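Using the UniProt record's numbering, read the sequence shown as starting at 1 and increasing by one per residue.
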Amino acid sequence: MSMLHIVNKSPFERVAFESCLAHAKAGDSILMIEDAVVGAVDGSSFSAKVKAAMADKTVYVLGADLAARGLEGKAIDGIVSVDYAGFVDLTVNNDTTQSWL
1 MSMLHIVNKS PFERVAFESC LAHAKAGDSI LMIEDAVVGA VDGSSFSAKV
51 KAAMADKTVY VLGADLAARG LEGKAIDGIV SVDYAGFVDL TVNNDTTQSW
101 L
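Spelled out as structure tokens, the structure:
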């Protein structure tokens with residue numbers, strides 16, 4: 001049973017993203033939206049945690065939110081950028097969804 005974890009808060013402001021990483025299981029998907037996309041930036045103090053999660057989870061970022069924050073081209077290699085249609089596909093293709101606030 002796969003779960004989509006949706007994170008919308010910056011890992012530098014709240015612990016929701018860290019809680020998500022602690023609870024996500026192998027095979028789950030993690031989608032960063034809104035301010036959480038700053039967690040996708042390579043070289044940040046949080047990037048090692050995201051890279052570790054990528055060993056057994058698929059990590060996505062909403063491309064429009066990355067672009068809105070001027071972070072295009074700065075994401076960790078291997079993070080998949082999706083558009084809004086891709087966001088919908090993720091919700092459909094996973095058995096359950098958990099939003100981390």
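We treat Cβ as the ideally placed atom computed from N, Cα and C, and that holds for glycine.
Only a predicted model underlies this, so the values are computations on that prediction, with no experimental measurement involved.
Scanning the segment 27–96 for uninterrupted beta strand (DSSP E) segments of 3 residues or longer gives 29–32, 58–62, 80–82, listed from N- to C-terminal end. In this chain, LEU101 is not harboured by any beta strand (DSSP E), its DSSP state being neither H nor E. In the assembly as shown, LYS57 is a buried residue. Its beta-carbon has 16 or more other beta-carbons within 10 Å. The count of Cβ pairs closer than 8 Å, one atom from the segment 83–93 and one from the segment 35–54, stays below three, leaving the stretches out of contact. When the beta-carbon positions are compared, ASN94 and MET32 stay at least 8 Å from each other.
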